Amino acid sequence: MKHNFHKVLKLFVLFIPVTILLNSCGRDFKSVEDFVTKHQVDIKKSSDLLAQDIYDSCLRRVNYIILTASNGIETRENTLQGCNSDNKPNISRVKSANSVLLDYMKQLGQVASGKTVSFDENISELQTALTNLKVGTFTLPKTTVQAGTNLFQIFVNALSKEKRGRALKKAILCADNSLQIYIKGNSSLKDNEEQNGGLINIAQEGYIDGIVEIEKTQINGYYETYFATLRTSKEPQIPVALEVEKDYNEAMKIVQEKKDNAQNYIDVLKATAKAHSELKDVFQGTGKDAISTEEIKQLCQPVLAERENDLEKNNLSTKLDLKESEMIKAQEILSEYSQTVKSLHKNRTL
110 MKHNFHKVLK LFVLFIPVTI LLNSCGRDFK SVEDFVTKHQ VDIKKSSDLL AQDIYDSCLR
170 RVNYIILTAS NGIETRENTL QGCNSDNKPN ISRVKSANSV LLDYMKQLGQ VASGKTVSFD
230 ENISELQTAL TNLKVGTFTL PKTTVQAGTN LFQIFVNALS KEKRGRALKK AILCADNSLQ
290 IYIKGNSSLK DNEEQNGGLI NIAQEGYIDG IVEIEKTQIN GYYETYFATL RTSKEPQIPV
350 ALEVEKDYNE AMKIVQEKKD NAQNYIDVLK ATAKAHSELK DVFQGTGKDA ISTEEIKQLC
410 QPVLAEREND LEKNNLSTKL DLKESEMIKA QEILSEYSQT VKSLHKNRTL
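For the sequence shown, the residue numbers in this note's numbering are 110 to 459.
This is the structure:
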């Protein structure tokens, strides 16, 4: 089965589609809803594959334990037990982590379509899942857990209570800092700086450098034993050697495919964070009509606390309305974002 990690990132094509912005003047938003529906099955399937492989990789590693070695059977049983006690529970936790971002984007589409937004998730269950999440040796820091919780509260408290255009603008302004932290671990990090605690690190530190690297090491050790035996054999073992080499190359090909596609996942996460930040800058504005950093703070704190905001009712009222110039700039940002995602898809290894 192909583990197409790049497909996970189809969910980010949902991310504030151009249609949402172009239609925000009051025209039909139905196309946004159709877009979400069309891709929902693939998105969920791909997200689940990423989470599932955290466990499946461990199970594959069990197959590369040499049972004839000293304590081989015991080592195998202990490893399998670890797969079930440590890796398996993280399937649902990683799914929950992915769903925060997926749900945020999905709700933007529903609001744009004029639908009533409803939420079944329990915030305490989300916090527990994020807190207990562990991929390899990587765990989410408290700041990232809080950022995920903030995103959840924003789409509950903002997207379910505002008019379509205003809700989108307000959500993007209020969600950006939390979204940057949730994806990159730090809202101020640039693309070329080391990420340190968000979804990117689940893929990089936890999955690529952790789980997949352990699998690679186990494969190397397993086949090295057989290669050593073949090298010291007094009789030519060419057919056997060729068969062992074929099996080894196939195992390492799977490892490399996993790494390459996980890197695609990371690259689209970075592109998504970048595009969202640029949209926030557009909606924040410049000059006399700009929404100041202090105004954003005053606007967004009540969203997280689920209370009314006098500032929003007064001087921010018109500022929250989407302007044609903002929509044009947003279209340019999303067009570039779309091309980036298409390029990554085109250059994928699978």
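Ideal placement from N, C-alpha and C gives every residue a C-beta, glycine not left out. Keep in mind it's a predicted model, so treat the numbers as computed, not measured.
Reduced DSSP secondary structure (H/G/I, E/B, other) of residue i
i    : result
T246 : coil
I174 : coil
N207 : helix
G306 : coil
E445 : helix
P461 : Here the chain covers residues 110 to 459 and nothing more, so residue 461 does not appear.
K451 : helix
T402 : helix
N295 : coil
K438 : helix
D212 : helix
E344 : coil
E157 : Before going further, note that residue 157 is Asp rather than Glu in the sequence given. It is helical.
L168 : helix
K279 : helix
C134 : Because C134 sits at a pLDDT of 45, beneath the cut-off of 50, its placement in the model cannot be relied upon, and the point is left open.
K397 : helix
Range of the contiguous alpha helix (DSSP H) that encloses residue i
i    : result
K383 : I347 to Q393
Y332 : E322 to T341
E186 : G181 to G191
K251 : K251 to N266
T237 : I232 to N241
Best match in the options for proximity to residue i [C-alpha to C-alpha]
i    : options                   : result
I292 : D318, D369, Q255 and E354 : Q255
L443 : D390, L453, L408 and H385 : H385
Q365 : E404, E322 and Q407       : E322
E403 : Q313, L282 and L431       : L282
T252 : T240, G245 and V244       : T240
D157 : K204, E186 and L168       : K204
N259 : L277, K325 and V209       : V209
T449 : I375, Y357 and T338       : I375
L168 : E324, I232 and F392       : E324
S233 : V244, G257, L249 and K397 : G257
Below-8 angstroms beta-carbon distance, residue i vs any chain B residue
i    : result
A360 : The displayed structure is made up of one protein chain only, and chain B is not part of it.
*Kindly confirm or deny that the segment 369–385 and the segment 307–326 touch, where touching means at least three C-beta pairs closer than 8 angstroms.*
yes
*For the segment 197–214 and the segment 155–174, state whether three or more C-beta atom pairs, one from each stretch, are separated by less than 8 angstroms.*
yes
*With contact counted as at least three CB pairs below 8 angstroms, one residue from each stretch, are the segment 170–187 and the segment 331–343 in contact?*
yes
*For the 8 angstroms Cβ check, are there 3 or more pairs between the segment 205–215 and the segment 258–266?*
yes
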